[in-house]
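Numbering (my numbering), first residue to last: 6 to 397.
Glycine is no exception: its CB is placed at the ideal position from the N, C-alpha and C atoms.
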Amino acid sequence: MAEIKILKEEVVKKIAAGEVVERPASVLKELIENSLDAGATKIEIEVEKAGRRLIRVYDNGSGMQFKDLPLSIKRHSTSKISVFEDLERIKTFGFRGEALYSISSVSKIRIVSSANENEPAHYIKGEGGKIIESGKTPPIKGTITEVRDLFFNTPARSKFLKSDQSERAHLIRCVEDAACANTDISFLLKIDGVEIYDFRAARGDFSQKLLERAKAILGKNISRDMIFVSEENKDVKVRCFISSPGNLCATAMNQYYFVNRRPVHSKTIRQAVYSAYERLRGNRHPALVLFVETEPENFDVNIHPQKKEIKFLDETGVFRFIKSSIARAIEKNLRPVKILETPENAPEEGGHFFSKDKILPTFPPPAGHSSVMEQVSLFSPRASQERSDSSK
6 MAEIKILKEE VVKKIAAGEV VERPASVLKE LIENSLDAGA TKIEIEVEKA GRRLIRVYDN
66 GSGMQFKDLP LSIKRHSTSK ISVFEDLERI KTFGFRGEAL YSISSVSKIR IVSSANENEP
126 AHYIKGEGGK IIESGKTPPI KGTITEVRDL FFNTPARSKF LKSDQSERAH LIRCVEDAAC
186 ANTDISFLLK IDGVEIYDFR AARGDFSQKL LERAKAILGK NISRDMIFVS EENKDVKVRC
246 FISSPGNLCA TAMNQYYFVN RRPVHSKTIR QAVYSAYERL RGNRHPALVL FVETEPENFD
306 VNIHPQKKEI KFLDETGVFR FIKSSIARAI EKNLRPVKIL ETPENAPEEG GHFFSKDKIL
366 PTFPPPAGHS SVMEQVSLFS PRASQERSDS SK
């Protein structure tokens, strides 16, 4: 029988990092969540070389005191929970105390922070999980976190990253998720010096702010005629913008799911949406930005190291409620669209062909982009999808 040994600390660090830091977008997600938990109203993000060379996040949140900076990259260091029971009522995004610890283990990290913008800020530099330098800097409001040379000490991990284009798409999606879920917050994203998104804090009620973000992210054609759904029972509240049956997409990439503002993967929610559309969608997919709100004890977000997946206490009840809510909204807004057959030698009018009496549902593909989407087209697969749809 092989001898049992205690793993060395440096090996433990890299194993823990592997659970949290899958790719550059994993790093960005954790840093954005830290900014949100710090109460930031403005988050600026800079990325170089698809995040392999640099991910820099600045926020104007509450910042950290100097004594907390070294602790921030220690394992299981967190300000979010104190006892095990706190896990049953999680209201923050980060809570494990693994994020900065894991990130710093596989990168070169620099954190500058100040809890008082009228006093000098402090910084620490880390490399491979060890602090190599600390000191004071001029005052700032909030925190700047720089992550450089990701996976520099685990080259085998970097080999499993996808192409720069693919990794950039994941980074963009990460910012889109955060922007959809936090419409009161400004987000700026630059990739290799190119401004991709500049979201200003939205105004109005929930539906107005969400629609503004949805239009900026999805583009004007995909977001046109979206249906607003808002229903609740004693346990669950559902609010979303979702495609009308006459404006579905060729792929499912334009879907954003949130539970208590946390972006999630949930088979239960997804299947509920598709069940509501099953008689209408054919081989196409709804675009949507969907929020589920419930008490923290009604779901478990601690079942996945990256907090991607959740499990509801009452999966069946959530499924039925979401399905019925969306199905009712679809039924109320269902409008048949004329299929336009062209009589011989008849001219085309306004881009449409008119028939005398044939009315069938149709699924017109989206075409064109908003100005923001045109900026994203260099990096995001969504633009190429829209171009592909429009050429059919």
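- Secondary structure note for G131: its beta strand (DSSP E) is the uninterrupted segment 126-132.
- Residue pairing by DSSP places F165 opposite no residue, since no beta bridge is assigned to it.
- In terms of Cβ geometry, S112 and V234 do not form a close pair [threshold 8 angstroms].
- If you keep only unbroken beta strand (DSSP E) runs of at least 3 residues inside the region 203-263, you get 232-237, 242-247.
- Note that the region 261-273 does not touch the region 236-244; fewer than 3 beta-carbon pairs, one per stretch, sit closer than 8 angstroms.
- Taking the Cβ atoms as the reference, A206 lies roughly 5 angstroms from D189, within the contact range of under 8 angstroms.
- Shown here, P291 sits in coil according to DSSP, grouped into three states, outside any helix or strand.
- Secondary structure of V306 (DSSP, three-state): coil.
- Collapsing the DSSP output to three states places G68 in coil.
- P268 is bridged by DSSP to F263.
- Here G140 has H127, Y128 as same chain residues with Cβ atoms under 8 angstroms from its own Cβ, once five neighbours each way along the sequence are excluded.
- I114 sits away from I145, with the two beta carbons spaced by 8 angstroms or more.
- A straight-line Cα-Cα distance of about 8 angstroms links N252 and D230.
- The C-beta distance from A219 to F263 rounds to 12 angstroms, too long to meet the 8 angstroms contact threshold.
- The beta carbons of D64 and K47 sit closer together than 8 angstroms.
- In the structure shown, S112 adopts coil according to DSSP, grouped into three states.
- Checking the DSSP bridge columns, you'll see R61 partnered with E51, E151.
- Annotation: E314 to E132 spans about 30 angstroms, alpha carbon to alpha carbon.
- Spatial neighbours of P125 in its own chain (CB-CB distance under 8 angstroms, excluding positions within 5 residues in sequence) are listed in chain order as S119, K141, T142, P143, P144.
- I149 and V62 have their C-alpha atoms roughly 6 angstroms apart.
- Below 8 angstroms, too few C-beta pairs join the region 299-307 and the region 253-261 to call them touching: fewer than three.
- In terms of Cα proximity to E217, the closest of A30, C185, S40, E336 is C185.
- Inter-segment contact for the region 40-54 and the region 156-164 is absent: fewer than three beta-carbon pairs are separated by less than 8 angstroms.
- Each of D210, G68, P291, A55 was checked against the Cα of N123, and the nearest Cα belongs to G68.
- With a cutoff of 8 angstroms on beta-carbon distance, V26 and I108 are scored as near each other.
- Per the coordinates, the alpha-carbon of K214 lies some 31 angstroms from the alpha-carbon of T321.
- Take L318, set aside five residues on each side of it, and the residues of its chain with a beta-carbon closer than 7 angstroms to its own are N303, F304, in chain order.
- Around the beta carbon of N187, 16 or more other beta carbons sit within 10 angstroms, so the residue counts as buried.
- Residue A292 holds the alpha-carbon nearest to the alpha-carbon of N226 among F165, N288, G56, A292.
- Rounded to whole angstroms, the separation of the alpha carbons of Y282 and R58 is 43 angstroms.
- Taken through DSSP and simplified to helix, strand or coil, F324 comes out as helix.
- In this model, E38 and G209 are separated by some 24 angstroms (Cα to Cα).
- When the Cα atoms are used, N265 and V297 turn out to be separated by approximately 6 angstroms.
- Look at L105 here: in three-state DSSP terms it is helix.
- Taking all protein chains in view, the Cβ of P160 is surrounded by fewer than 16 other Cβ atoms within 10 Å, so the residue is classified as exposed.
- According to DSSP, I136 shares a beta bridge with G131.
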